[in-house]
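Undergrad:
Protein chains in written order, with the working numbering: chain V, 1 to 420; chain H, 1 to 241.
1) Indicate the three-state DSSP secondary structure (helix, strand or coil) for residue 302(V) in the structure shown.
2) So, under 8 Å CB-CB, residue 17(H) and residue 72(H) are touching, yes? Tell me the CB distance rounded to an integer number of Å.
3) Rounding to the nearest angstrom, what Cα-Cα distance links residue 177(H) and residue 29(V) in this structure?
4) So with CB distances below 8 Å, who are the chain A contacts of residue 308(V)?
5) For residue 75(V), which residues of its own chain have a beta-carbon under 6 Å away from its beta-carbon, when the five flanking residues on both sides are left out?
6) Does residue 20(H) pass the burial test, meaning 16 or more other C-beta atoms within 10 Å, or should it be called exposed?
7) Distance, Cα to Cα, residue 108(V) vs residue 222(V)?
8) Assign residue 159(V) to buried or exposed, taking buried as 16 or more other Cβ atoms, counted over all protein chains shown, within 10 Å of its Cβ.
9) Quick check: residue 251(V) and residue 32(V), are their CB atoms within less than 8 Å of each other?
10) Would residue 265(V) and residue 273(V) qualify as a contact pair, given that the criterion is a beta-carbon distance under 8 Å?
11) Using a Cβ-Cβ cutoff of less than 6 Å, which residues in the same chain neighbour residue 240(H) once the five nearest sequence positions on both sides are dropped?
12) Starting from the C-beta of residue 141(V), find all residues in its chain whose C-beta is less than 7 Å away, skip the five residues before and the five after it, and write them out in chain order.
13) Report the residues of the region 7-24 of chain H with a CB closer than 7 Å to any CB of chain V, ordered along the chain.
14) I need the DSSP call for residue 97(H), collapsed to helix, strand or coil.
15) Under 9 Å Cβ-Cβ, which residues of chain V neighbour residue 81(H)?
16) Give the residues from the region 399-420 of chain V that approach chain H closer than 7 Å (Cβ to any Cβ), ordered along the chain.
17) From this set, 418(V), 414(V), 7(V), which residue's C-alpha is nearest residue 320(V)'s C-alpha?
18) In the DSSP assignment, find the unbroken alpha helix (DSSP H) run with residue 56(V) in it and report its ends.
19) Quick one: give me the first and last residue of the beta strand (DSSP E) that residue 194(V) is part of.
20) Can you name the start and end residues of the alpha helix (DSSP H) that residue 218(H) belongs to?
21) Here's the rule I'm using: 16 or more other beta-carbon atoms within 10 Å means buried, otherwise exposed. How should residue 203(H) be labelled?
22) Give the residues from the region 136-148 of chain V that approach chain H closer than 7 Å (Cβ to any Cβ), ordered along the chain.
23) So the beta strand (DSSP E) residue 40(H) belongs to, where does it begin and stop?
24) What does a CB cutoff of less than 7 Å around residue 238(H) pick up in its chain, not counting 5 residues either side in sequence?
25) Contact between the region 90-108 of chain H and the region 135-147 of chain H is defined here as three or more beta-carbon pairs at a separation below 8 Å; is this criterion met?
26) Along chain V, in chain order, which residues have C-beta atoms closer than 9 Å to that of residue 179(H)?
27) For chain V, check one thing: does any of its Cβ atoms lie closer than 8 Å to the Cβ of residue 192(H)?
28) Give the residues of chain H in contact with residue 389(V), contact being defined as C-beta atoms less than 8 Å apart.
29) When DSSP labels each residue in this structure, what does residue 428(V) get in the three-state scheme?
30) Could you check where the alpha helix (DSSP H) with residue 238(V) kicks off and where it finishes?
31) At a CB distance below 8 Å, what residues from the region 204-238 of chain V approach chain H? Give them in sequence order.
32) When Cβ atoms are compared, which residues of the region 121-153 of chain H fall closer than 8 Å to chain V?
33) Taking 8 Å as the CB-CB limit, is residue 339(V) close to chain H?
34) CB-CB under 6 Å to residue 173(H), same chain, minus the five flanking residues each way: which ones, in chain order?
35) Tell me, please, whether the region 77-95 of chain V touches the region 306-322 of chain V by the rule of three or more beta-carbon pairs shorter than 8 Å.
36) Under a Cβ-count criterion, where at least 16 other Cβ atoms within 10 Å of its own Cβ denotes burial, should residue 236(H) be classed as buried or exposed?
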């Protein structure tokens, strides 16, 4: 059995779950889009995100100055190691860290880097993945492949608590368990959906855990990709709105936070005191990790992504193998290309550069109108030049070059239908 | 044929595409019969034409694709081809969208048989004895790549099909799993996609129709408890079935 055959078999359960999710998501998204002009929303998002990428270096300089002026402690990190280092400095000796869901934190592998300390996931899906030892399967539905029964079993095994195998009971258990951690933790760590050049950080969520992670501990650390900088809060709100519609099919999520510095008060004789009820210290780590290189090498359009995951919901390859397509850089074509820049061409090949069916469903579902297909073909071309291609593909190209058709000279009734 | 004749010829080429030409000849034979029956004049170049280049474009071999495109253009020009009719959505997309970028001076019109047949049957509605119910599978190259969603549906209706739409269809159609080399590179992945698609079709009908030789072959190989046919099978050309 080939590796891909094994992967498809292993992920069969996830396939059925994601199809069900995709159909429900489709209905919810259609509902969220009622009364909206879908094309206008997309065009505006595309323009905002294009500007983010084409003017990245100017926006970044302005954001750094504004964030600092607003009282953030600003760090820049060239790569994951640097980001981890800065985060560790800010964490200091603290042993308990509460964390919210963030694909950027996953990118820098913060949990591994903080081994030996207690890093508690506070997003329910991530929390359940942590409890069950499951891997992140989808950018907005991390535990898509776990049934309520799997979750209840995992809770019983880890905490010796009997919880009914129902979503309400599981959420109730997490609420109670996580409250205690949130009160005790001195450090909270999160990602962000957008940063503005005027010094604001925007985060959206339904659960409320990000609000708590960012406000209850003394120190809040934000790790965010440099591609997420937009001009101002108005633009960031549009990103947030589109993230809600295309991410989870909601008109708005329960919460959208705009953080513009640490908590403060001037209620005592108008004297400014930093640190009232929220975080006393807010660190923001602006992460590059291959993004500038992606832009310089002509793949910048992929960074228009807002991380909503809509591209994957109707992706036939993703349905079959989930995070086998893109690996830990979740996200189909963007995942594959990201792997190429982070880990090299071999990683891009192994993470499914040739799984894509070029069906174009990702482009049609992307609110930022990213033309994924051309970057996939460009990636395949770069891989082929280094001899990285499936054996069947290589044979087909040889036959086509020699005989003018993909089946070769003995083309009567070919068995291998390499085509289209 | 003299030089002047060569210059002034305006030929329409029927281009079956490699799959219908080599692996599913019945589809190519059928389309030839249909085109003759509706009075379309066409030539064929089975020994001269090359693959359109689609599998090479999609597999990271654009240089070979360009070479083939240039050779094809030269061959088409030598035969006075002004228009190509093809039953393959992959070839259709490549001739219409990629050749203008690959070949300098490309000026040949391309049409998918769905459009050719729709034009004919709208003017000459066929006699339908008994209407049937079926699902329609949008080939990615015909739908999302080329924007033909309504035309095949209108044609189906004229041919006596009452359509049952799958939960994911039209712009949101789910791929059959056969394209972009996946069928050969990773057959288990391709088959798993096909099964997902066919399960969806089974929920609405016991027959699924598609105007693409690849979608047809791939879904047909994976079908259990549902029939898959290529669009041309709906058209009576007089022979016994």
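A virtual CB, placed ideally from N, CA and C, is assigned to each residue, including glycine.
TA: The structure says:
1) helix
2) Contact flag wrong, Cβ pair sits at about 12 Å.
3) 25 Å
4) Among the protein chains in the structure shown, which are V and H, there is no chain A.
5) 86, 285
6) buried
7) 12 Å
8) exposed
9) yes
10) yes
11) Note that residue 240(H) scores a pLDDT of 48, beneath 50, so its modelled location is shaky and nothing firm can be said.
12) 21, 125
13) 18, 19, 22, 23
14) helix
15) The contacting residues do not exist; residue 81(H) stays about 17 Å from chain V at best.
16) 400, 401, 404, 405, 406, 407, 411, 412, 413, 414, 416, 417, 418, 419, 420
17) 7(V)
18) 56-69
19) 194-196
20) 213-222
21) exposed
22) none
23) Here residue 40(H) belongs to no beta strand (DSSP E), and DSSP marks it neither H nor E.
24) none
25) yes
26) 357, 358, 359, 419, 420
27) yes
28) 59, 60
29) Outside the displayed range of chain V (1 to 420) lies residue 428(V), so it cannot be described from this structure.
30) 233-248
31) none
32) 140, 141, 144, 145
33) no
34) 138, 143
35) no
36) exposed
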